[in-house]
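Working notes, structure below.
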Amino acid sequence: MRLAVRDLGSCLMLDRIRVYHLSCPAWQVGFMLLPETPAGHDAEVREIQGQCVEGAQPVLVNQSGGLDYGRPSESIGVKPSFCKANGQWHVLEHSACECLPGFEPSLQDNACSGCPDSTYKPLAGPEACRFCPPTSSSEASTASTKCVCSRPLFTWHVISESGIGVCAPDLPRPGDLEVVEKNAERIVITWKPLINGKMPIPVAISCIDCQADEAVYVPGSVVDGSRVTVLGLRINRTYTFAFRSCLNKEDVLDSCDLRASHLTVKAGEYPSKRLAPHRGRQTLNATGTQFKENSSVAMVFHALLGSTVFICVTLAFVSGAMLLHRRYNRRQPPKRQYEFINNIGKTPSRPIPIQTHNTGYGNSLFQVGHVEFHQLPIISRDSIEISKYLGNGRFGEVYLGLLKPSLALATDEFRTPGHTVGPTKLFLRSLTDLDSAVSIATAVAEIATAIKHPQVVECYGIVKGMTPNLLVYEFMELGRLDIFLLSVSDF
1 MRLAVRDLGS CLMLDRIRVY HLSCPAWQVG FMLLPETPAG HDAEVREIQG
51 QCVEGAQPVL VNQSGGLDYG RPSESIGVKP SFCKANGQWH VLEHSACECL
101 PGFEPSLQDN ACSGCPDSTY KPLAGPEACR FCPPTSSSEA STASTKCVCS
151 RPLFTWHVIS ESGIGVCAPD LPRPGDLEVV EKNAERIVIT WKPLINGKMP
201 IPVAISCIDC QADEAVYVPG SVVDGSRVTV LGLRINRTYT FAFRSCLNKE
251 DVLDSCDLRA SHLTVKAGEY PSKRLAPHRG RQTLNATGTQ FKENSSVAMV
301 FHALLGSTVF ICVTLAFVSG AMLLHRRYNR RQPPKRQYEF INNIGKTPSR
351 PIPIQTHNTG YGNSLFQVGH VEFHQLPIIS RDSIEISKYL GNGRFGEVYL
401 GLLKPSLALA TDEFRTPGHT VGPTKLFLRS LTDLDSAVSI ATAVAEIATA
451 IKHPQVVECY GIVKGMTPNL LVYEFMELGR LDIFLLSVSD F
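1 is the number of the first residue of the sequence shown in our numbering; add one for each residue after it.
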């Protein structure tokens with residue numbers, strides 16, 4: 001390098017000459033690396049293109065021009081930076097890089113490091129790595145973007161837009177959801193049966209819009225079949241039900257698929273009979289007069305049916321009493337019979353005790369309790385559990401239920417001889433909405449409540465905490481009464 005000094009005749013004295021140049025230093029900022037760059041002279045500005053550090057990429061920008069770490073749609077690369085004449089850098093706004101998926105930022109070093117073992121990061125951005133959920137591990141020893149499930153039949157499912165995932169079963173979802181029966185009392189829903197190999201896949205049913213303890217599922221909230229009956233819903237309300245496939249019927253929380261099939265139903269007064277395809281629209285659009293005519297015909301039919309059942313039950317009680325009385329007289333010793341005949345018309349010196357043997361079907365005496373008619377004992381809904389639908393009975397639908405052990409010991413009505421600690425089987429008979437049928441069924445229930453006899457089915461009371469109301473009868477362990485009487489008859 002050569003320097004020249006020109007003297008124009010002035011009195012000058014040069015002591016020293018200092019030669020230097022300015023440069024912008026190497027700089028790592030916003031996960032971007034800028035190299036050392038010589039500065040220009042005077043007002044010159046030099047444009048330099050930076051490079052992202054290892055494990056980073058240019059910030060992704062959406063179409064509107066704003067940053068969008070979660071849902072990127074466009075990449076415009078790293079914007080240029082400028083080295084000014086004074087040796088300082090000028091970096092434009094948003095001219096930076098971000099860490100790739102599987103890499104987390106280190107703000108102190110302005111670098112991106114890979115996620116360690118058992119952690120993952122699904123999306124690019126400033127977020128840190130997350131730990132893999134239980135029963136899973138990272139797909140690689142470093143820089144993993146997702147986890148791998150260790151349990152059989154479980155796969156990785158992303159549950160949010162942030163990329164967070166969990167391990168859940170990958171099962172076919174219930175399809176062809178259909179409401180086959182819907183009225184004021186119940187809603188019956190069916191779906192296409194699901195099979196995993198040769199075993200049926202359980203389906204878990206839940207109500208999204210229901211309040212606590214509002215919906216009652218028969219046979220249960222987790223079923224192996226393809227049909228469920230929902231009771232206890234309110235009229236003219238819309239409910240949404242979710243159906244999920246499960247691997248294990250006992251472990252619903254951890255073994256059910258996160259994906260669900262939904263069905264929205266409005267509860268109300270509708271025909272209970274399934275409609276034909278060509279008549280469905282016409283029936284649903286029928287006038288109120290036609291519906292009242294159908295209701296009146298049904299009312300007369302149920303009234304006649306209830307009257308017939310009441311007469312049959314009364315005849316059965318009378319026939320049973322006569323048979324038991326005759327059988328009791330045949331089993332009396334001859335000596336006692338003669339003594340009884342000789343003492344006719346005489347005043348006995350002491351009362352003759354009557355011994356009864358309460359051994360199941362051997363007792364022949366009716367024990368009438370002090371129960372007032374037109375007033376059935378009310379049983380709490382919490383003490384009864386519906387376990388199985390048995391079919392249509394003479395007064396309505398019949399279910400098999402259980403009495404909870406703790407409530408059975410605290411209730412005097414259920415302290416019958418031979419009662420054991422544990423769930424007690426019960427018969428639950430529903431009451432229809434027809435006034436005549438309800439009165440007949442209530443009258444029969446009051447008779448069954450008043451008569452205390454091991455050969456007569458006893459009625460414990462009525463459950464009014466749900467719709468329809470349920471009459472609670474004891475469970476007949478030895479079968480129907482009329483069949484038993486015919487089998488033990490001596491003539």
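Every residue gets a Cβ at the ideal spot worked out from N, C-alpha and C, and that includes glycine.
Computed from a prediction, not measured in an experiment: that's the story for all the values here.
Residue i: first and last residue of the uninterrupted beta strand (DSSP E) it sits in
{"i": "Trp89", "result": "89–91"}
{"i": "Arg46", "result": "46–48"}
{"i": "Trp27", "result": "27–29"}
{"i": "Ser160", "result": "Counting along the chain, Ser160 falls outside any beta strand (DSSP E), and DSSP gives it neither H nor E."}
{"i": "Arg429", "result": "424–430"}
{"i": "Cys149", "result": "147–149"}
{"i": "Met466", "result": "That residue, Met466, is in no beta strand (DSSP E); it is neither H nor E in DSSP."}
{"i": "Arg227", "result": "227–231"}
{"i": "Arg186", "result": "186–190"}
{"i": "Pro58", "result": "56–58"}
{"i": "Pro105", "result": "103–106"}
{"i": "Lys81", "result": "The question names Lys, but residue 81 in the sequence shown is Ser. Start and end: 81–83."}
Cβ of residue i within 7 Å of any chain B Cβ
{"i": "Pro468", "result": "Included in the structure is just one protein chain, with no chain B present."}
Sub-7 Å separation of residue i and residue j beta-carbons
{"i": "Glu128", "j": "Pro101", "result": "The question names Glu, but residue 128 is Ala in the sequence shown. Result no, Cβ atoms of Ala128 and Pro101 do not sit closer than 7 Å."}
{"i": "Val463", "j": "Ile379", "result": "yes"}
{"i": "Ser138", "j": "Cys147", "result": "yes"}
{"i": "Trp191", "j": "Pro174", "result": "yes"}
{"i": "Ser81", "j": "Gly50", "result": "yes"}
{"i": "Cys459", "j": "Thr467", "result": "no"}
{"i": "Arg237", "j": "Asp257", "result": "no"}
{"i": "Cys97", "j": "Pro105", "result": "no"}
{"i": "Leu471", "j": "Arg429", "result": "yes"}
{"i": "Cys99", "j": "Ile48", "result": "no"}
{"i": "Phe103", "j": "Gly55", "result": "yes"}
{"i": "Cys24", "j": "Trp89", "result": "yes"}
{"i": "Gly461", "j": "Pro377", "result": "yes"}
{"i": "Val5", "j": "Leu33", "result": "no"}
{"i": "Pro126", "j": "Thr145", "result": "no"}
Straight-line gap, residue i to residue j (C-alpha atoms, nearest Å)
{"i": "Val456", "j": "Phe317", "result": "8 Å"}
{"i": "Phe366", "j": "Val223", "result": "In this prediction, Phe366 scores a pLDDT of 40, lower than 50, which makes its location untrustworthy; the coordinate-derived value is nonetheless stated afterwards. Each residue's alpha carbon lies about 43 Å from the other."}
{"i": "Leu324", "j": "Lys425", "result": "27 Å"}
{"i": "Gly401", "j": "Lys266", "result": "27 Å"}
{"i": "Gly220", "j": "Thr229", "result": "9 Å"}
{"i": "Ala43", "j": "Ile164", "result": "51 Å"}
{"i": "Val216", "j": "Pro169", "result": "27 Å"}
{"i": "Gly418", "j": "Ile386", "result": "The predicted position of Gly418 is uncertain, since its pLDDT is 47 and thus under 50; a value taken from the coordinates is nonetheless stated next. Distance between the alpha carbons of Gly418 and Ile386 is about 23 Å."}
{"i": "Gly232", "j": "Ser383", "result": "16 Å"}
{"i": "Cys492", "j": "Asp213", "result": "This structure does not reach residue 492, given that the chain is present from 1 up to 491, and the question cannot be answered."}
{"i": "Leu14", "j": "Val78", "result": "49 Å"}
{"i": "Pro38", "j": "Trp27", "result": "13 Å"}
{"i": "Arg151", "j": "Cys167", "result": "9 Å"}
{"i": "Pro454", "j": "Glu181", "result": "39 Å"}
{"i": "Arg71", "j": "His21", "result": "Note that Arg71 has pLDDT 47, beneath the 50 cutoff, so the model's placement of it is unreliable and the number below is only indicative. Arg71 and His21: Cα-Cα distance of roughly 46 Å."}
{"i": "Leu284", "j": "Lys388", "result": "Any reading at Leu284 must be qualified, since the residue scores a pLDDT of 34, below 50, and its modelled position is unreliable; the value itself is stated next. Between Leu284 and Lys388, the C-alpha separation is close to 31 Å."}
{"i": "Asn183", "j": "Leu431", "result": "14 Å"}
{"i": "Asn392", "j": "Ala204", "result": "26 Å"}
{"i": "Met476", "j": "Ile447", "result": "17 Å"}
{"i": "Arg186", "j": "Asn469", "result": "12 Å"}
{"i": "Arg336", "j": "Tyr399", "result": "Any answer about Arg336 is weak, because its pLDDT of 43 lies below 50 and its placement is not dependable; what the coordinates show is given next. C-alpha separation (whole angstroms): 47 Å."}
Beta bridge counterpart(s) of residue i as assigned by DSSP
{"i": "Cys246", "result": "Cys256"}
{"i": "Ala204", "result": "Val222, Arg244"}
{"i": "Arg6", "result": "Arg6 is not bridged to any residue."}
{"i": "Gly461", "result": "Val472"}
{"i": "Thr135", "result": "In DSSP, Thr135 forms no bridge with anything."}
{"i": "His262", "result": "Ala242"}
{"i": "Cys210", "result": "DSSP output for Cys210 lists no bridge partner at all."}
{"i": "Gln51", "result": "Leu33"}
{"i": "Thr155", "result": "Ala168"}
{"i": "Pro377", "result": "None, per the DSSP bridge assignment."}
{"i": "Gly401", "result": "Ile386, Leu426"}
{"i": "Lys182", "result": "Ile187"}
{"i": "Glu98", "result": "Gln57"}
{"i": "Asn392", "result": "Glu397"}
Nearest candidate by alpha-carbon position, reference residue i, set the options
{"i": "Arg16", "options": "Pro116, Leu3, Leu8, Ser23", "result": "Leu3"}
{"i": "His302", "options": "Phe475, Gly114, Ser439", "result": "Ser439"}
{"i": "His157", "options": "Leu177, Cys132, Val179", "result": "Cys132"}
{"i": "Val218", "options": "Ile189, Thr135, Thr119, Leu315", "result": "Ile189"}
{"i": "Ala260", "options": "Arg186, Leu177, Glu250", "result": "Leu177"}
{"i": "Thr135", "options": "Leu305, Val398, Phe154, Glu47", "result": "Phe154"}
{"i": "Ala441", "options": "Glu397, Pro423, Thr240", "result": "Glu397"}
{"i": "Asp492", "options": "Glu93, Cys246, Ala143, Asn110", "result": "An answer regarding residue 492 cannot be provided, because it is not within the stretch 1 to 491 covered by the chain."}
{"i": "Ile235", "options": "Leu247, Glu250, Gly225, Cys210", "result": "Cys210"}
{"i": "Cys207", "options": "Leu92, Thr264, Leu247, Leu403", "result": "Thr264"}
{"i": "Tyr239", "options": "His262, Ser255, Lys249", "result": "His262"}
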